[in-house]
Amino acid sequence: MADVVSPVVDEKPCFGANPQIFKLGLGKQHILAHDIGQGSQCRNEPTCRCEGLDLHFWRKMCKNCGCRMDEHDVVLPNEFDHAQIVIGRLFGAREHFEKVLTKPGMYKPTDQNDTKENNMMSTRSQPTAVYNYKMTSSDSESEKEGSNNKKKENVKYAWAPLPDKDLVSRYMKCLPEDERPLVGSKGEQNRKSRLQFQLPLYDCNVEDARFVEEKDVKTLQNFVENVRNNVIGVGRVVEIGKDSDNYGDNEDGNDIEKSMNAALKGLKVGETDCKDCSEIMKNGEIGVECHHHTKTDTYHPNCFRCETCRQLLVDNIYFFYKNKYYCGRHYADQLYPRCAGCDELIFANEYTFAEEKSWHFDHFACYKCDFKLGGSRYMTRDENPFCLDCYLKHFAKTCDTCQSKIGPDEKRLNYNETHWHAEERCFQCVQCKMNLIGKKFMLKSHKLLCSSQCKANYNSAHPDYQL
Ligand SMILES: [Zn+2]
Ligand SMILES: [Zn+2]
Ligand SMILES: [Zn+2]
Ligand SMILES: [Zn+2]
Ligand SMILES: [Zn+2]
Ligand SMILES: [Zn+2]
Ligand SMILES: [Zn+2]
Ligand SMILES: [Zn+2]
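Using this note's numbering, the letters of the sequence shown correspond one by one to residues 1 to 467.
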């Protein structure tokens, strides 16, 4: 049913965006469809032995290895980037999207007057990111001590905040090494995981949300529309104290306000403190600025993190809510419940709440066999629900005496790694048949005994089987 929902959101002109761009976005949709990404390698290898992603029919989980889909290295064709899809959908940034698509790495920030007519976007920076951005490592490595013979090394970043080699190089140095999205490095993989985790595509597009019922489509559309108009933004990488007028938005009022605030705090004009760690950011340092609404917030590049998960905000894309900055996932989680089964937001009024989590009715199901558990008994293990049959089959302990499974509602006795039914027939002295529940006992070669006397009696009765 969700497959025939019409793509209303994408056809609506938004911030003057060329509808072709959204068709492009839609065209790429089948890239993300269910069967694509099949066979992608699991990043948890070699601990996880996955033969390649085999996606469950509604869980965002690999049937082969049990890891999440975002833990697999899903490669999109044509070097298409997850972030470009999100930006295309949520910013309607026509210029950006077109240029990046035609000439990767060649994009220059343009005059933003054409978006000025839209007052809602005018205070926020438009995306200036570049993808697969090539530069040489010596572009600004002059401070590297003793290396007079400048070795030029070509480096390529999967993402860079803006096409400015000097700023990019200084910005990257502010990040931990494994968070720098250098192509071919762990940092690039980290970025990909963060993209999938922080910016679920099914949160920002009706087409991708497979489990939104027809009657709730409008709610999702309104949610997306509000994100576009009021919530999403990109932090801008700047050098503190440097006039950033050349980037486009010229807010005279803000400058006066800034210097007054600075004077009050005893800071030099331009200096500010990091909103996260509160340490002073001096002129010349690299910072990430957010011009959301009228106030400017500044962060150390490594402090610009989601308030909830504390991950670095991927590509500096933030969601602003009640004066705080979140990743897309944790912004949405504050407004709607998220299904613990399929990971999509739940817009329906009625859903299952179990195990302190929310589930679509149909997705509160056995983790092994997908049997719908609504109204039936179930067991949990590692926070996943199981039907009784599967639980018995996979996790129930075997009684050491009668060799049958101990049911989840049967009383059990445990001793180290050995288990019994807590019943007289299964927990008695092998010799005198005394009930041993609650009494002292000995365990010898899987035989229960009440005393050394019974052990001696047993041994004399069984000359060829000595305990
Ligand atoms: Zn896998
Ligand atoms: Zn895996
Ligand atoms: Zn900081
Ligand atoms: Zn988060
Ligand atoms: Zn679900
Ligand atoms: Zn089951
Ligand atoms: Zn038993
Ligand atoms: Zn005995």
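Backbone N, C-alpha and C fix where the C-beta goes; we use that ideal spot for every residue, glycine too.
In this text, all values refer to a predicted model and were calculated from it rather than measured experimentally.
In the three-state reduction of the DSSP assignment, Y325 falls in the strand class, which pools E and B. Looking only at Y131, T219, V237 and V168, the smallest Cα-Cα distance to K192 is reached by Y131.
Residue pairing by DSSP places L448 opposite L443 in a beta bridge. Apart from sequence neighbours up to five positions away, the residues of its chain that approach S358 with a beta-carbon distance below 8 Å are P337, R338, C339, A340, I346, Y351 and T352, ordered along the chain. For the 8 Å CB-CB criterion, C429 and L413 do not form a contact. Check the Cα spacing between T418 and each of K397, L436, R425 and Q84: the tightest is with K397.
The bridge partners DSSP lists for H72 are C42. Proximity to ligand 3 was defined by a C-beta distance below 5 Å to any of its heavy atoms, and the residues meeting it, in sequence along the chain, are C274, D276, C277, H300 and C303. Excluding the 5 residues flanking it on each side, D273 has same chain C-beta neighbours closer than 7 Å at E279, I280 and M281, in chain order. Pairing Y171 with P161 gives a Cβ-Cβ distance under 8 Å. For F320, the pairing in a beta bridge is given by DSSP as Y325. Contact between H82 and L195 is confirmed by a C-beta separation of about 4 Å, below the 8 Å threshold.
At a cut-off of 7 Å, the beta-carbon of C42 counts as near ligand 2: some heavy atom of the ligand is closer than that. Nearest to P408 by alpha-carbon distance, out of H421, N416, E213 and Y415, is H421. Per DSSP, the continuous alpha helix (DSSP H) segment holding A83 begins and ends at H82 to L90. In chain order, S193, Q196 and F197 place their CB closer than 6 Å to the CB of D70, counting only its own chain and leaving out the 5 sequence neighbours on each side.
Residue D343 holds the alpha-carbon nearest to the alpha-carbon of H56 among N416, K440, K455 and D343.
Closest by C-alpha distance to C306, out of H291, K322 and Y331, is Y331.
Within the same chain, and ignoring the five residues on either side of E410 in sequence, the residues whose Cβ sits closer than 7 Å to its Cβ are H421. Short note on C50: C-beta closer than 7 Å to some heavy atom of ligand 1. Per the CB criterion, closer than 6 Å to any heavy atom of ligand 6, the qualifying residues run in chain order as C366, K368, C369, F371, F386, C387, D389 and C390. Set against 7 Å, the gap from the CB of C67 to the closest heavy atom of ligand 2 is smaller. Just so you know, the alpha carbons of V86 and V231 end up roughly 14 Å apart.
Under the criterion of beta carbons closer than 8 Å, L392 and R377 do not qualify as touching, at roughly 12 Å. Here the distance from the Cβ of H72 to the nearest heavy atom of ligand 1 is below 7 Å. DSSP places E289 within a strand segment (E or B) once states are collapsed to three.
Taking 7 Å as the cut-off, one finds at least one heavy atom of ligand 1 near enough to the beta carbon of L53.
Taking the CA atoms as reference points, F91 sits about 15 Å from C327. As computed with DSSP, W159 is found in a beta bridge with Y131. Taken from the Cβ of C399, at least one heavy atom of ligand 7 lies inside 7 Å. Of the heavy atoms belonging to ligand 2, none sits nearer than 7 Å to the Cβ of C327. Boundaries of the alpha helix (DSSP H) harbouring C390: L388 to F395, taken from the DSSP string. In this chain, the alpha helix (DSSP H) harbouring Y171 covers K165 to K173.
For D203, the secondary structure class from DSSP, reduced to helix, strand or coil, is helix. Under the DSSP assignment, L195 falls in the alpha helix (DSSP H) whose first and last residues are K186 to Q198. In the structure shown, C306 adopts coil according to DSSP, grouped into three states.
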